[in-house]
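What the sequence shown shows, in my numbering, is residues 330 to 1086, in sequence order. Each residue gets a CB set at the ideal place from its N, CA and C atoms; glycine is no exception.
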Amino acid sequence: MTQQRNNYFKLVAVIVDVAYLVISKYIKEKILGSDSFESFLNKEKHKLVHIYETSPCCECRILSINGEKLISKKQLHMLYKSDEGNQIRDHKEYTGSKLTRICICKYSAKAHIDVRVVDITLANYIIQKCGKQGLGIDNWIEQIKDVRNEIFHRSDIQEMTNDIFDRKWSKLEGSIMGIAKEIGSAYPVEIEQMIMQTKKLTIVDDYMLKYEIICRDYWRNKCIEFERAQHKMIEEKAASLHRTMPKWFSRSMEEDCQKTMRRIETFNTMVDNINVMINIFGIWENLEMFDATEQVKEDVKRIHIPVVMQLDIPTSWDKTKVFEAIDGFRLNGTTDMNIRIKAISIEDITMYAEVAERVLCNIHKLRSEINKLMSTMLSEAEINTTEHAEFGVNLKIPDRSEVYIRGLESLGQCQDTYGSLLIPVMLDKLPITVKSNITRENGNDDWTLGNLRKAIQREISIQEASTNESESYDIPTASFHAGIENRPNKENVQDQISVKTNLPVSVTLRHQINIKKSENENLFITSCIKIGNTLVFTDYSNNRLIICNSDGTDIHHIPLSYTPNYTTEIDSNTVAVSCDDRIILIINISTRSIASKINTSDDCYGISYNGNNLYVVIGNRMIHVIDLTGKIIRAIPVPTDRAINDITVDRDRLVCIDLTSIFCFSLDGKLMWKFIKDDIQDLVRVTTDNERNVYVANHNTDTVVVVSDDGQLHRELLTKSDGLDRLFGIYFVKKENILLVCNEVDGKPFLFDVKKK
């Protein structure tokens, strides 16, 4: 490649890879604030539609805007979808037969749209029309746009001499750095490095790049096919051995062969009227948070775990369009995405993907990410989501120890290094008797990672061989080495027999309200509370609180800089909200302002206020008692192998839940009782009443179950027939004996009066 061609493509690279990145970040940080791009586009629709539409519109009656045709229809449709059915007839005006006023109600922002889809022209007008006026920003973007237009329309790239290149590069570099400095003080350092790296690029010819992509995709698909064939071969061998040698091949090898394909979790998510059933295959350990040293915790933050995803779509859907939509994610994917598609097979829509560890270890985050991915896929594949349909997403997770190893290797760690990190973690998970046995067999406690794994597997085989087959509640399994119980013990079974179902509580509907300001809003409500006459909801999708009166009037929003998960009342004007990024926000809902922030040591989930302190679920494993300054008063460990998600504190006891169990503790951490029931598989929220009865929201079955204060009585209180659809939030108002219940997406919460029979 000649120097002139090299100069040309370096300019293209710095525009596409660096300038676009900086401009989109400026929009996100300085214009969107806490809004999602979708919410912003809907809010600013009147201004932005008129950079294409020149006729007055229905909203111009309130605020007139002179429209200019500055962009193409195609560019407008990058931001908004158009549905003629949403137009309101009375909004249009005609003079004779000529349309003189249009209705822009037909436009709505594309679902889950990312700011990175905008080109420089669109970005320029978004900043001009919706941002703060600044001469510097306008000039810098205009200069970038001018250089882009010059080089993209250049007829002969051989004319890009070194002198011309240096002038244009200097112009681009100055403009990009100017915008970067407006974003933050540390950001320009990062961008300057990117610019320098781009200038040092070695450009390859287009056909060589295409050849490399084809080869890479071919071998990734081959890897998927090979893995599928290997599983089939192992299963066939396992079945054959079981038939010929049932005495020796009764559990251990069969379970070992099958463990990676066992379905361990099933849940669903809705995209309009499309029901997406998600099946996860693997072993339970893969869905739990990493319980390791701080050094390992710091390392795994950046890990993306390899998974295989397979879509089971209706036969009426166009498989080619679905494939093309997903392949678009693959081609346009960025390193910061939580789900990254690496390769896809068109035959059965099987994908090799990578999922962020923090998402894969949290069912609710995983549900949200899959919902966003499938929403975009359905839109791009032109699937009619107003018609009811069901399809499946099957997700296969690899063995957990392999996840550790692959993740640490991806961070540049060799076995000598990561072995020293993982060995203490694995030893800590072993029962004492197993640890003693393998240490005695080894002769000392000096382990390599490979030797430790072999010793554990050997001990499992010994334990299984010595187990009496009739003792069905005490059989070590492939997950034995991690200390996981995947069968109930006899004591738990006895507890279940004693549980009764005649709890004397009943409910009547007081009223249902609508908290959506418009039907186009896409909500994801994760928690709710009632304070006096005020209702507060956390909207996970749009990074905000939704506030309204108890009759659904006076709806307003408090935008947040973090993604909210759970909330609790502090006083009549103040709430605490646990958020992603290890942040608790103390928010004054009267002034709609952030009073303070508390940083937590790990991800924070359920939160409850009691006795001037916050009780917070930390890292799904521990409950921290924190004062309002952020000082940790004490920590309460929770005795469960599964992830704790929500908590409520009631006088001298606290109640918390994982997906399948309810735990009741004294405030000093002593377990008082535990409730388990086979058909409870997806608990998401918990609350208590004045009698200390416990109410839980079961997302999978859309039911509210109430359990007595001693864990002995229970009954279903609300079901789908009461209007529950993708149930998520639940809150008992003790002063009024009211139960507030909200679904995940429909924006229509219920208030029920609760009475004792």
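If you look at W498, you'll find it in the alpha helix (DSSP H) that goes 491–512. For secondary structure counted as the beta strand (DSSP E) over 3 or more consecutive residues, the stretch 833–913 holds these complete runs in sequence order: 834–841, 854–860, 863–868, 873–878, 885–888, 893–900, 903–908. Considering only I442, I466, V347, I955, the residue with the shortest C-alpha distance to K359 is I466. Below 8 angstroms, enough C-beta pairs join the stretch 907–926 and the stretch 941–960 to call them touching: three or more. Inclusion of S504 and I473 in the CB contact set at 7 angstroms is warranted, their separation being smaller than that value.
According to DSSP, S437 shares a beta bridge with K410.
Straight-line measurement puts the Cα of R1021 at about 49 angstroms from the Cα of F658.
When the Cα atoms are used, N942 and C857 turn out to be separated by approximately 20 angstroms. Looking at the backbone, the Cα of V651 and that of M638 are separated by about 14 angstroms. The criterion of a C-beta distance shorter than 7 angstroms is satisfied by D1018 and F1061. In this structure, DSSP gives Q404 a helical state, which the three-state scheme calls helix. When only Cα atoms are considered, A654 and L707 end up about 8 angstroms apart. Check the Cα spacing between E686 and each of L702, H441, I634, S401: the tightest is with I634.
As the crow flies, the alpha-carbon of I391 is around 18 angstroms from that of K435.
The beta carbons of V865 and T896 sit about 6 angstroms from each other, so the pair counts as a contact at 8 angstroms. Cβ-Cβ distances below 7 angstroms link L530 to K339, A342 in the same chain, with the five nearest sequence neighbours on each side left out; the list follows chain order. Annotation for S697: the continuous alpha helix (DSSP H) segment containing it runs 692–709.
Beta-bridge partners assigned by DSSP to F596: I607. With respect to the C-alpha of T882, the residue from K1077, N872, F1057 having the closest C-alpha is K1077. A1026 sits away from I1005, with the two beta carbons spaced by 7 angstroms or more. Secondary structure note for L689: its alpha helix (DSSP H) is the uninterrupted segment 686–689. Following the DSSP letters along the chain, one finds K1085 in no alpha helix (DSSP H) but inside the beta strand (DSSP E) bounded by residues 1079–1085.
Looking at the backbone, the Cα of E1045 and that of G861 are separated by about 27 angstroms. Annotation: A348 is outside any alpha helix (DSSP H) and is labelled neither H nor E by DSSP. Taking C-alpha positions only, D981 is separated from I417 by approximately 57 angstroms. According to the DSSP secondary-structure assignment, F992 is paired through a beta bridge with C985, K1003. Under the three-state reduction of DSSP output, I524 falls in the helix class. Collapsing the DSSP output to three states places T1017 in a strand. In the displayed model, V341 falls within a helix according to three-state DSSP. Counting other Cβ atoms within 10 Å of its Cβ, P893 reaches 16 or more and is therefore classed as buried. The beta carbon of L370 sits closer than 6 angstroms to those of L408, A438, all from its chain and outside the five residues before and after it, given in chain order. Contact between I955 and I965 does not hold, since their C-beta atoms are separated by about 12 angstroms, which reaches or exceeds 8 angstroms. According to the DSSP assignment, V378 belongs to no beta strand (DSSP E) but to the alpha helix (DSSP H) extending over 374–378.
By the criterion of a C-beta distance shorter than 7 angstroms, K410 is surrounded in its chain by S437, K439, once the five residues flanking it on both sides are discounted. DSSP places P643 outside both helix and strand once states are collapsed to three, so it counts as coil. The C-beta distance from C432 to K376 rounds to 17 angstroms, too long to meet the 8 angstroms contact threshold.
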